[in-house]
Amino acid sequence: RVAAGVGWRYALASLHRRGTASALQITALALGLMCLLLIAITRNDLVAGWRQSTPPDAPNQFLIDIQPDQRADVAAWLAAHGIRDAVPAPMVRGRLVAINGKPVNPDAYPSDEARRLVDREFNLSYTTELPSDNRIVAGDWFGRSASPQISIEAGLAKTLNVKPGDTLRFDVTGLTVDAPITSVRKLDWGSFRVNFFVLMPPPVLKDFPAVYLTSFHLPAEQAALLDPLIARYPNLTAIDVAPILAQLQRMMLQVVGAVQFLFAFTLAAGVLVLYTALAGSRDERVREAALLRALGASRAQVNAVQRAEFVVVGALAGALASAGAIAVGWVLASRVFDFQLAVDPWLVPAGIAAGVA
């Protein structure tokens with residue numbers, strides 16, 4: 014045990030003595046391992062996370078332009094044909110004309126997205142129930158209140174730089190609707206359900222002209238199911254987003270492939286740097302081994318010291334690689350692909366084990 018302890022202490026001292034070379038070896042090995050782990054993350058966790066964000070039964074059909082007097086019949090027809098989650102939602106068109114009493118000027122916004130948003134009409138809606146895939150992140154849901162209130166989508170609130178307490182004014186068919194923002198919602202756009210940037214209590218908007226729309230999942234073998242409904246109500250428009258979902262999946266796989274290709278090049282560079290670092294310290298390690306033998310250390314003890322040094326280097330590199338892979342994977346998932354990354358809990362132990370091996 015004493016000899017083993019001395020071996021570990023000597024290994025740590027040796028790493029400290031060769032600080033620059035040791036740091037280079039750890040960095041190169043960590044870079045290579047991180048690329049390997051990232052290839053696994055992009056191939057498994059990112060693709061799995063994207064598929065989880067868009068489940069197999071996600072709505073793939075949108076039915077729009079449902080007139081108020083058709084709403085009940087359309088909902089009943091869909092329910093009778095096994096589509097029971099298709100509840101038509103009202104949509105009222107309105108243009109944002111003022112924020113806190115000040116007229117909206119599209120040119121005052123620095124981003125193109127903000128200018129486009131304020132320069133077009135919004136799809137407004139009304140409800141008493143918070144949609145199932147919406148989450149309040151600021152303020153309070155208005156519920157069954159009859160007073161003018163607005164629940165705004167979080168991204169729109171950020172783009173317009175508004176918050177609970179600010180007042181928005183909409184022009185709806187020539188009439189103005191003023192209401193304070195009382196809540197901010199985070200939406201799951203990946204659910205492909207009907208969502209709205211702005212929601213209000215029913216008494217505020219129900220007297221304005223509205224059309225209804227809904228979304229639902231229709232299996233591929235039932236693609237012609239809606240034909241009789243469209244024949245009965247020719248004004249209805251059915252939008253099949255299944256090809257869009259398929260195209261998104263193909264694009265996702267192509268992007269993942271490109272990212273993996275880039276990681277493979279980085280891996281090759283890391284291996285080259287690691288080889289250079291090891292080759293550069295080889296002569297010094299040989300001299301150290303000879304010195305230890307001259308001082309009376311056995312061959313087994315010398316080998317134990319060198320193994321301890323490599324274990325420390327590998328463990329540190331594996332830990333750094335795992336942390337780096339998780340960080341880069343999170344950035345790719347949240348910033349590029351816009352969904353939550355489900356990291357395998359065995360990733361960190363696997364990274365350390367790979368480094369030690």
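When we follow my numbering, the leftmost residue of the sequence shown carries the number 14, and every step to the right adds one.
We put the beta carbon where it would ideally sit given N, CA and C, even for glycine.
At a Cβ-Cβ threshold of 8 Å, Ala99 and Ala88 count as neighbours. DSSP, reduced to helix, strand and coil, places Leu333 within a helical segment of the structure shown.
The beta-carbon separation of Leu51 and Gly327, rounded to 18 Å, does not stay under the 8 Å limit for a contact. DSSP, reduced to helix, strand and coil, places Ile96 outside both helices and strands of the structure shown, so it counts as coil.
DSSP places Ser347 within a helical segment (H, G or I) once states are collapsed to three. In the DSSP assignment, Arg108 falls within the unbroken beta strand (DSSP E) covering Ala102 to Ile112. DSSP places Thr172 inside the alpha helix (DSSP H), whose first and last residues are Ala167 to Leu173.
Rounded to whole angstroms, Val344 and Ala334 show a C-alpha spacing of 15 Å. Under the three-state reduction of DSSP output, Asp184 falls in the strand class.
Residue burial annotation: Asn73 is buried, with at least 16 other C-beta atoms found within 10 angstroms of its C-beta. DSSP places Pro247 in the coil class of the three-state scheme, outside both helix and strand.
Comparing alpha-carbon positions, the option among Leu181, Trp90 and Asn208 lying closest to Met104 turns out to be Asn208. Asp179: not part of any beta strand (DSSP E); DSSP gives it neither H nor E.
Put simply, the segment 230-237 does not touch the segment 182-201. Fewer than three CB pairs are less than 8 Å apart. Straight through space, the alpha carbons of Phe205 and Ile77 are spaced by roughly 14 Å. Looking only at Gly337, Thr227 and Ala237, the smallest Cα-Cα distance to Ala71 is reached by Thr227. Contact check for Tyr225 against Pro101 passes: the beta carbons are separated by less than 8 Å.
Leu137 places its beta carbon 8 Å or farther from that of Leu188.
The beta carbons of Phe183 and Arg108 sit about 6 Å from each other, so the pair counts as a contact at 8 Å. Under the DSSP assignment, Ala127 falls in the alpha helix (DSSP H) whose first and last residues are Asp125 to Val131.
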